[in-house]
Amino acid sequence: MDRSVERALKTVVREEVALRLRSQQAGPSAVETLVRDVVGQVAFDRGVPLSPYDLEPLAKGIVDDFLRYGPLQPLLDDPSVTEIMVNGGGVDEADPELPFRAPVVYVERAGLIERRPDIVFDDAEHLRRIINKIAEQAGMRCDETHAMGCAMLPGGRARATYVVPPIAPDGPALNVRTFSEGMLSMRDLLSVGALPAAMADFLCAAVQARCPIVISGGTGSGKTTLLGALSGFIPEGERVITIEDTPELRLQASHVERMQTREANVEGEGAVGMRELVALSLRRRPDRIIVGECRGAEAYDMLQAMQTDHPGSMTTIHANDPSNALSRLRTMVGYADGDLSREVIAQQIAESLQGGLVVHVERMRDGTRKVTSVVSVDPLPEGSTVIPRAELFAYDIEGVDANGWVVGAWRPCGVQPQAVKERMRAAGVPFDPAWFFGS
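Here our numbering is used: the first residue of the sequence shown is 31, the next is one more, and so on.
Written out as structure tokens, the structure reads:
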């Protein structure tokens, strides 16, 4: 069927189905029947011949628009797809009837991005309807004054972020990150080569000994996945409170209370920020506090919690390497109190993370994720602003093989972290020097 004919047919069918649904309540099966009936009737009235081969995908696409997420539904149903990226198609100068060309769809699978020309939106307005549905389901608005947003899909199975004109000059765009229903364990990470056994044993012991841990890395590097795997080693009976903007964490601890920030409503009221929730969590008898991601001034409160009665707390941070993670923490603490000197900020970070770790994860060029560095934080020398750190494990990239897979090896650095060792001794957790020297 010609694309322009199909698009015109879909438009009429959608309008007719929407009109009929306003005057009646219908469940999913009734909607499917209604769509098929209307498709057949509209095609007949317009003299458009429809074979069963044409009817089924046309009707299914319209049903998905009403009940699900349109062309994105097959991707959301595919467990191998971890990210869906729908880019605005740009201005269509050749067709003044359409302000934008049809969106373009990409997906991430096994860490690699690929274009999906088989996933087709009729036009930019088609994508806009899907975005509006996502926003409405989350109780949000999407219009010129609310031209961007972040929302969880029902059931917490995926997180969507969107932008629309005027801040999206190429037309509406949507990104959906899906979450696996199961939780990856440390054994799973070992089986896919994300880290070596000695490093895994050390990190698990550090969690049991309540060492503070910051997990750093770029977007999609596996920070949240690693945090979830480590949570499986939090001792039974410890109370954990998690704080997130969107509920992505899948913790394996038994006693978990989750809290989530909230944006202001359309009247500009009701916002609840990360700092407020961190402060509130301190009054809810946590043994550990886990902040899904530190992005701003809440880093100050998080460090305060680590430094006082909540050792073993954890968070993630966007950074290029462990040194950059500590630099970003310094900047974030400065957001909380601009009067703090560099010396005071460095002192607070060092004291909060003393006997703790910065664990860095990266997404390799072949799509795999690996823990590439583990760094311990040492006490700050008097008068210094440079936070002392020692690398305990490193991943050295040696090249790429004939199939495009990254080739490399982990290297224990031969350094025993004394402050971490002391935490383990105090907690009764065995410390194995062989972790840091290899076989």
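The beta carbon of each residue, even a glycine, is placed where N, CA and C say it ideally should be.
| Asked | Found |
| --- | --- |
| Have a look at the DSSP bridge pairing and note the partners of Pro-442. | Phe-423 |
| Could you name each continuous beta strand (DSSP E) segment of 3 residues or more that falls completely within the segment 245 to 278, going from the start of the chain to the end? | 269 to 274 |
| To which residues does DSSP link Phe-461 through a beta bridge? | Bridge partners of Phe-461: none, in fact. |
| Under a three-way DSSP split, which group does Ile-417 fall into? | coil |
| Do Arg-314 and Glu-274 come within 9 Å of each other at the CB atom, strictly closer than that value? | no |
| Candidates Arg-358, Gly-444, Leu-281, Arg-318: which alpha carbon is nearest Gly-262's? | Leu-281 |
| Can you find at least 3 beta carbon pairs, one from the segment 294 to 310 and one from the segment 427 to 437, that sit closer than 8 Å? | no |
| Where do the N-terminal and C-terminal ends of the alpha helix (DSSP H) with Tyr-99 fall, by residue? | Careful: Tyr-99 lies outside any alpha helix (DSSP H) and carries neither H nor E. |
| With DSSP run on the structure shown, which of helix, strand or coil describes Glu-486? | No answer is possible for residue 486: the residues shown for the chain start at 31 and end at 469. |
| Please return the same chain residues whose Cβ sits closer than 6 Å to the Cβ of Glu-412, not counting the five positions on each side in sequence. | none |
| Can you tell me the Cα-Cα spacing of Ile-197 and Arg-217, whole angstroms? | 44 Å |
| Do three or more CB pairs link the segment 153 to 169 to the segment 92 to 109 at distances below 8 Å? | yes |
| For Thr-255 versus Gly-322, is the C-beta distance shorter than 9 Å? | no |
| Report the partner residues of Val-436 according to the DSSP bridge assignment. | Val-430 |
| Just grab the DSSP bridge partners of Thr-402 for me. | In the DSSP output, where bridge partners are listed per residue, Thr-402 has none listed. |
| Given this structure, state the Cα-to-Cα distance separating Arg-372 from Leu-359, to the nearest angstrom. | 12 Å |
| Is it the case that the Cβ atoms of Val-65 and Ala-89 are separated by a distance below 9 Å? | yes |
| So Met-182 is in the beta strand (DSSP E); what residue range does that whole segment cover? | 178 to 182 |
| Kindly indicate which three-state DSSP category Arg-393 falls into: helix, strand or coil? | strand |
| Keeping to the same chain, check which residues put their C-beta closer than 6 Å to that of Gly-252; ignore five residues upstream and five downstream. | Val-391, Arg-399 |
| Please confirm if the segment 233 to 249 is in contact with the segment 333 to 350, defined as three or more CB-CB distances below 8 Å between the two stretches. | yes |
| Starting from the Cα of Pro-104, find the closest Cα among Met-115, Ile-143, Ala-355, Ile-149 and give me that residue. | Ile-149 |
| Output the boundary residues of the beta strand (DSSP E) element that contains Gly-175. | Rather than Gly, the amino acid found at residue 175 in this sequence is Thr. No beta strand (DSSP E) holds Thr-175; DSSP gives it neither H nor E. |
| Which word fits Ile-22, buried or exposed, when buried means at least 16 other C-beta atoms lie within 10 angstroms of its C-beta? | Past the edges of the chain, shown from 31 to 469, lies residue 22, and the structure says nothing about it. |
| Please specify which runs of the beta strand (DSSP E), each continuous and at least 3 residues long, are wholly inside the segment 216 to 245, giving them in chain order. | none |
| For the beta strand (DSSP E) holding Ile-379, just list the boundary residues, first then last. | Segment 372 to 383 is the alpha helix (DSSP H) holding Ile-379; no beta strand (DSSP E) there. |
| Quick test of your reading: Ala-230 and Leu-214, contact by CB under 8 Å. State the CB separation rounded to the nearest angstrom. | With a Cβ gap of about 13 Å, Ala-230 and Leu-214 do not count as contacting. |
| Report the three-state DSSP secondary structure of Asp-54 (helix, strand or coil). | This sequence places Gln at residue 54; Asp is not what is there. The answer is coil: DSSP assigns Gln-54 none of H, G, I, E or B. |
| Would you call the CB atoms of Tyr-425 and Trp-440 closer than 9 Å? | yes |
| Do Asn-117 and Val-135 have their CB atoms nearer than 9 Å? | yes |
| Name the two residues that bound the continuous beta strand (DSSP E) containing Glu-155. | From DSSP, Glu-155 is part of no beta strand (DSSP E) but of the alpha helix (DSSP H) over 154 to 167. |
| Can the beta-carbon of Ser-382 be found closer than 9 Å to that of Gln-448? | no |
| Going by beta-carbon coordinates alone, are Met-362 and Gly-326 separated by less than 9 Å? | yes |
| Looking at Val-407: is its Cβ nearer than 9 Å to the Cβ of Ala-380? | yes |
| Compute the distance between the beta-carbons of Glu-266 and Ser-284, then report whether it is under 9 Å. | yes |
| On the CB-based measure, 16 or more other CB atoms within 10 Å of its CB, does Asp-331 come out buried or exposed? | buried |
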